[in-house]
Amino acid sequence: MNNPREITRVLFENFQPQAIHLFYAIGYAAIAIFIYGVYVQIRKYRRGKPDGSWGELLHRFIDMVKTMATHRTLVRRDKSAGRAHGLIFLGFVLLFIGTSVITLEYDILQPLFGVQFWYGNFYLLFSLVLDLAGLGLIVGLIYMMYRRKWLNLPKLDYKRVDRQEGDPDFDRSQYRREDWAFLWSFILIGVTGFILEATRLVWLSGRPTVWDYRMWSPVGALLAHVMQAVGLTAEGAGSLRSGLWWFHGLISLTFIAFIPYTKIKHIFTAAASLMFKDPLAGKRLPRIPDEQKTAGYKTITDLTWKNLLHLDACTKCGRCQEACPANAVGAPLSPRDVILSLREFANHALSAKELPKEAELDIHGKDIGQVFMETLWSCRTCLACVEICPVAVEHVPIIVQMRRNLVEAGEMEPLLEKTLQTIHKTGNSFGESKRKRAAWTKELPFEIKDARTEPVDVLWFVGDYASFDPRNQKVTQSFARLLHKAGVNFGLLFESELNAGNDVRRVGEEGLYELLASSNIGTIQACEFNSIVTTDPHSFNTIRNEYPDFGGKFEIEHYTTMVKQLIEGGQIKLKKKLDYRVTFHDPCHLGRYNKGYDAPRDVLKLLGCELVEMGRNRDNSFCCGAGGGRIWIPDPVGTEKPSANRMKEAGVIEGLQVFVVSCPKDLTMFEDALKTSGFEGKFIVRELIELIDECIEYEVWEDIPLTV
Amino acid sequence: MKILVAVKQVATLDEDFEIRANGSDVEEDFLLYDLNEWDDFSLEEAMKIKESSDVEIEVVVVSIGPDRVDESLRKCLAKGADRAIRVWDDAIEGSDAIAIGRILAAVAQKEAPDMVFAGVQSSDQAYASTGISTAAYLDWPHAAVVADLQYKPGSGSAVIRRELEGGMLQEVEINCPAVLTIQLGINKPRYASLRGIKQAAAKPIEEVSLADVGLTGADVGADSSMSRVRRMYIPAKGRAQMIEGTIAEQAARLIQIINEFKGA
Ligand code: SF4
Ligand code: SF4
Chain U
1 MNNPREITRV
11 LFENFQPQAI
21 HLFYAIGYAA
31 IAIFIYGVYV
41 QIRKYRRGKP
51 DGSWGELLHR
61 FIDMVKTMAT
71 HRTLVRRDKS
81 AGRAHGLIFL
91 GFVLLFIGTS
101 VITLEYDILQ
111 PLFGVQFWYG
121 NFYLLFSLVL
131 DLAGLGLIVG
141 LIYMMYRRKW
151 LNLPKLDYKR
161 VDRQEGDPDF
171 DRSQYRREDW
181 AFLWSFILIG
191 VTGFILEATR
201 LVWLSGRPTV
211 WDYRMWSPVG
221 ALLAHVMQAV
231 GLTAEGAGSL
241 RSGLWWFHGL
251 ISLTFIAFIP
261 YTKIKHIFTA
271 AASLMFKDPL
281 AGKRLPRIPD
291 EQKTAGYKTI
301 TDLTWKNLLH
311 LDACTKCGRC
321 QEACPANAVG
331 APLSPRDVIL
341 SLREFANHAL
351 SAKELPKEAE
361 LDIHGKDIGQ
371 VFMETLWSCR
381 TCLACVEICP
391 VAVEHVPIIV
401 QMRRNLVEAG
411 EMEPLLEKTL
421 QTIHKTGNSF
431 GESKRKRAAW
441 TKELPFEIKD
451 ARTEPVDVLW
461 FVGDYASFDP
471 RNQKVTQSFA
481 RLLHKAGVNF
491 GLLFESELNA
501 GNDVRRVGEE
511 GLYELLASSN
521 IGTIQACEFN
531 SIVTTDPHSF
541 NTIRNEYPDF
551 GGKFEIEHYT
561 TMVKQLIEGG
571 QIKLKKKLDY
581 RVTFHDPCHL
591 GRYNKGYDAP
601 RDVLKLLGCE
611 LVEMGRNRDN
621 SFCCGAGGGR
631 IWIPDPVGTE
641 KPSANRMKEA
651 GVIEGLQVFV
661 VSCPKDLTMF
671 EDALKTSGFE
681 GKFIVRELIE
691 LIDECIEYEV
701 WEDIPLTV
Chain B
1 MKILVAVKQV
11 ATLDEDFEIR
21 ANGSDVEEDF
31 LLYDLNEWDD
41 FSLEEAMKIK
51 ESSDVEIEVV
61 VVSIGPDRVD
71 ESLRKCLAKG
81 ADRAIRVWDD
91 AIEGSDAIAI
101 GRILAAVAQK
111 EAPDMVFAGV
121 QSSDQAYAST
131 GISTAAYLDW
141 PHAAVVADLQ
151 YKPGSGSAVI
161 RRELEGGMLQ
171 EVEINCPAVL
181 TIQLGINKPR
191 YASLRGIKQA
201 AAKPIEEVSL
211 ADVGLTGADV
221 GADSSMSRVR
231 RMYIPAKGRA
241 QMIEGTIAEQ
251 AARLIQIINE
261 FKGA
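Respectively, the protein sequence lines represent chains U and B. The working numbering applies: residue 1 is where the first sequence begins, and numbers increase by one. The working numbering applies: residue 1 is where the second sequence begins, and numbers increase by one.
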């Protein structure tokens, strides 16, 4: 039996003291370069505006560690890449810990306290784990190389959608080169590490404390046998080793020094970005502080440090671009490009010692790093980008903040401008008289209570589309009948209800939003009720997530949740079952915004429908194109509308009868798209309420039959 | 350098409105107020001159009307006007466009601007004479329906293009100071964001009485006007109906209607 103390790796074995000193000097230099880089980055972030995300640090930290350890966000919608990254991540972390452990013993514990533990069984286990970690790292890297070279993934093509061929930063080939340099240098570190290990084994093959335990580093041992087989002698291995040692050491140290200057920094920025993730990002947009004169982001220094950090966290994975409906229909918008443009801008403008002049910090315009107005107006604030980003980049708040600046400067579509003026004047986007808001109630055979004058249990916030659009009024009436039939004690705000402001806010007209929100909050607060219900997911979102910031904390439900309870509780009796083959479109503001994925599906099941999902469903639902105020901006002629794109997706479902929606704007968008995309007669678009309506028998009055 | 822009808060009708009992006007409850559309363009024209000029130019908006008009003036301030003046006295109630012109002229005399802009007309009353009567009281040159303006601040004349019938333009050189009534489409008016309007609340609006501009109640109001509104009413509707159904059904119904008429 060997003395366990001798079963270890002697560090710097056979090195001249000068060589060791030289190595340490290079090591310190690398660390100094690293620290300077980190300093420059932090100085950059500090040039951003403050952000209040410091609360609950421990909680945030734990969440971040969980996300990183499970790679939960990385495996979504790209399993192989996520797993490969997992291998690289795990390999890197273990090798980093391993190196730190050695440093801890060799440079700190042993010289200061004479403590030693890196020998014997611990050493052997350590060798085994690190060997496997290194193997995982290399396997992961090889997959990533294969993926970049042979899979031809559109999301890995960095060509910009908002610029033309020939524009200076059109193809972004610099990023491609960086990706490859990263992969090659990383894999080189791994491979030379193994060769180094093997040469050491061959070199010390005569020493039993080394050779007898070689199988604890299986990869190294395998290589060592191969080397011996091709005739490498112990002596030859020894001299080969010293050269290789320096090569491996130098690229490793260079790698470390380069971290803050290259994409490798995502190790830190992505982790920090995840840690400062805002669970309500985009769902609750930031308020403009009362004392602030200007609105929105005009210059790069208007961004908060957190925004700047998010810019650096982006790993260019392209998941956001792939999910973006605007991008899918060829609009000049890729959420990734917005982030990268601003990142390049920030790196250029904020990394220097002195801050450039104000005029050079303008992020709006047509120059390199600036974001086009058309790009910003293409966004439908559907949140698909924010939702899928593996490193918690929050695109939508930045886009809306930039739009706020455009609105302030009046740089928007004339039609949108008109709509905003109309909303200001009449309180609704239809330009109708306030008095007509509840005109749809006139055709009902019963009176609806006025919640402003008498207490009710449920306050129904109807919303503009459900109130004024003739097609949606039918649905609104059905819902009123349903509530009435179920015996719900409900009431309306009648002409006091104003546009809830969700889309006005997402357009970037914050002043108008404040006006609408505070007026509605005042009106609602003056009523006596228990909870609010709405059929409009847009109103639902802003009342639920944004009104609290303005002092309006209310209990609110989307109707799907309420109806589900009414059916399950027996207040609504279904007199027949439907046997339709249906598919369901998740409205952005109900699904992604508020996680209301299940209630509408459960209701469909209760009705007896056979639900066939579209490929893009639930969190990956594809926006109808109406969000973010885009319903007020005409789509350019000759391009596909997102709603038409969605119709095609539904069209491939065999035997589909009904395309079910649960949002007034969806009904408008998709009925229109059904006609224009040639699926008319193949299937129909219905609001979920209409299907429920079919199953309820109303004794008192005749119903317009809605049959398939 | 100063440009005076006369603006008006106009009323638009709400759906299903009612006429006041005395028939003089629409019931106040059914009126929605907003800045006259033409005035957006005349203010923008003034702002364009201000913004492209090297010399300091003050843009002053003036309006005649009660408190509620402040809201429209604030919108003008939000768009960049330097000052706002509102003239009001209960005696002004019932003034026609000519009497209003007299007040505006009095304000102009006091302010001594280099140019006065007004809209071609107001969208609610559509007399199209306020600007012109102002010029008459001032005894200044004037031009109506201006669709293009070339004016160098401080120069003694301006070249304007007036819109005539049949798409014709008339190019006129006019001596300054002058009163111009500005036509829609001469420029692209800027958007006044709600935040801008809110912030403009900090800029004061000068409230001016008749006496401040050297007039008395006897100079204005219905009695000093050259015209009076006798009544407002909705003419009886003609009878029209949509004929629905298939082409054959429609034709049959049409024949039936014609026969009914012949028989009557
Ligand atoms: S919110 Fe939607 S439309 Fe806007 S950038 Fe993100 S994915 Fe694209
Ligand atoms: S923003 Fe997020 S999802 Fe988009 S490319 Fe960057 S890391 Fe990927």
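Glycine included, every Cβ here is placed at the ideal spot set by N, Cα and C.
In this structure, ASN327(U) has its beta carbon less than 8 Å from a heavy atom of ligand 1. With a cutoff of 9 Å on beta-carbon distance, LEU607(U) and ILE692(U) are scored as near each other. With respect to chain B, the C-beta atom of GLU432(U) has a partner C-beta closer than 9 Å. LEU151(U) counts as exposed, since fewer than 16 other C-beta atoms from the protein chains shown sit within 10 angstroms of its C-beta. Identification of residues in the region 184-200 of chain B having a C-beta nearer than 9 Å to some C-beta of chain U yields LYS188, PRO189, ARG190, TYR191, ALA192, SER193, LEU194, ARG195, GLY196, ILE197, LYS198 and GLN199, given in sequence order.
The DSSP-derived three-state label of GLY119(B) is strand. For ARG43(U) and SER185(U), the gap between their C-alpha atoms comes out near 28 Å.
With a contact defined as Cβ atoms closer than 8 Å, LEU482(U) and TRP632(U) miss out at about 30 Å. HIS142(B) places its beta carbon less than 9 Å from that of LEU180(B). Judged by DSSP in its simplified three-state form, ASP89(B) adopts coil rather than helix or strand.
Using a C-beta cut-off of 8 Å, the region 282-293 of chain U makes no contact with the region 19-38 of chain U, since fewer than three inter-stretch Cβ pairs fall below that distance. For the region 445-498 of chain U, the full-length beta strand (DSSP E) segments reaching 3 residues or more read 458-460 and 490-492 along the chain. According to the DSSP secondary-structure assignment, SER63(B) is paired through a beta bridge with ARG86(B). The beta carbons of MET1(B) and GLU56(B) sit closer together than 9 Å. By DSSP's assignment, VAL5(B) forms a beta bridge with VAL61(B) and PHE117(B). In the structure shown, the three-state DSSP call for LEU232(U) is coil.
In its chain, beyond the 5 residues on either side, ILE556 and ASN594 have a beta carbon closer than 7 Å to the beta carbon of ARG544(U). At the C-beta level, ARG336(U) and ALA626(U) stay beyond 9 Å of one another.
Taking 8 Å as the cut-off, the C-beta of THR381(U) counts as close to a heavy atom of ligand 1. Taking a contact as a CB-CB distance under 8 Å, the pair CYS695(U) and LYS605(U) does not count as one, their CB atoms being some 13 Å apart.
Think of a sphere of 8 Å around the beta carbon of GLU15(B): the chain U residues whose beta carbon falls inside it are GLU432, SER433, ARG435 and LYS436, in chain order. Inter-residue distance for GLU354(U) and HIS395(U) is about 28 Å (C-alpha atoms, whole angstroms).
Take the alpha-carbon of PRO390(U) and the one of ASP169(U): they are about 25 Å apart. Not one heavy atom of ligand 1 is found less than 8 Å from the C-beta of CYS663(U).
With 16 or more other Cβ atoms inside 10 Å of its own Cβ, ARG195(B) counts as buried. At least one C-beta of chain B is nearer than 9 Å to the C-beta of GLY410(U).
With distances taken between CA atoms, VAL40(U) lies nearest to ALA349(U) out of ARG505(U), LEU515(U), ALA349(U) and PHE126(U).
Contact annotation, ALA6(B) with THR134(B): C-beta distance approximately 7 Å; criterion of less than 8 Å satisfied. Within the DSSP bridge table, the entry for ASN175(B) names SER157(B) as partners. Closest in C-alpha terms to TYR191(B), from the list LYS75(B), SER53(B) and SER24(B), comes LYS75(B).
Of the candidates PHE622(U), ARG343(U) and LYS79(U), PHE622(U) places its Cα closest to the Cα of SER643(U). LYS155(U) and MET145(U) have their C-alpha atoms roughly 15 Å apart. Residue pairing by DSSP puts ASP34(B) in a beta bridge opposite VAL10(B). In the structure shown, VAL146(B) adopts extended strand secondary structure according to DSSP, grouped into three states. Interface residue (Cβ-Cβ distance to chain U less than 9 Å): ASP124(B) is not classified as such. Using a CB distance below 7 Å, no part of the region 202-224 of chain B faces chain U.
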